[in-house]
Amino acid sequence: MAIPTLSPEQLQAAREAATQARRARAELKEKVRTGTLTLGQALDTAAKDDVLAHVKVVDLLKAMPRVGDKRAAEIMERLEIAANRRVRGLGRHQVAGLKAEFE
Numbered sequence: 008m009a010i011p012t013l014s015p016e017q018l019q020a021a022r023e024a025a026t027q028a029r030r031a032r033a034e035l036k037e038k039v040r041t042g043t044l045t046l047g048q049a050l051d052t053a054a055k056d057d058v059l060a061h062v063k064v065v066d067l068l069k070a071m072p073r074v075g076d077k078r079a080a081e082i083m084e085r086l087e088i089a090a091n092r093r094v095r096g097l098g099r100h101q102v103a104g105l106k107a108e109f110e
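Each residue of the sequence shown is one higher than the last, beginning at 8 in the working numbering.
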């Protein structure tokens with residue numbers, strides 16, 4: 008299947024949409040980092056929003072205070088969450104496990 012050719016206007020619109028999506032995801036992680044949102048609230052927010060649902064779980068965990076690469080990896084492994092999993096792909100038990108981890 009061939010990739011469709013986009014007009015310059017369509018390309019610009021796509022770039023702007025992608026930029027806005029990245030900003031929205033960065034803002035969500037920043038709110039978790041500063042403590043404005045708990046991990047549970049962030050997961051609930053992301054579950055309702057198509058753009059935010061694309062945040063990687065590991066990135067959201069690393070935004071938590073005192074959680075680095077190692078601790079995030081340990082939590083993901085213990086809850087059986089794949090390293091490349093995004094919020095949209097989490098099962099309800101995995102979401103419950105993540106929320107319980109940071110209550």
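Heads up, the beta-carbon is just placed ideally off N, CA and C, and yes, glycines get one too.
Residue i - DSSP class collapsed to helix/strand/coil
i: Arg32; result: helix
i: Arg40; result: helix
i: Arg115; result: A query on residue 115 cannot be resolved here, the shown segment of the chain reaching from 8 to 110 and no further.
i: Met83; result: helix
i: Thr12; result: coil
i: Glu110; result: coil
Terminal residues of the alpha helix (DSSP H) in which residue i lies
i: Thr52; result: 46-55
i: Met71; result: Element bounds for Met71: n/a, residue is neither H nor E.
i: Leu59; result: Looking at the DSSP string, Leu59 is not in any alpha helix (DSSP H), and its letter there is neither H nor E.
Outcome for residue i when other beta-carbon atoms lying within 10 angstroms are tallied against a minimum of 16
i: Met8; result: exposed
i: Leu86; result: buried
i: Ala25; result: exposed
Span separating the alpha-carbon of residue i from that of residue j
i: Ala33; j: Ala70; result: 10 Å
i: Met67; j: Ala107; result: Note that residue 67 is Leu in the sequence shown, not Met. Approximately 15 Å between the Cα atoms of the pair.
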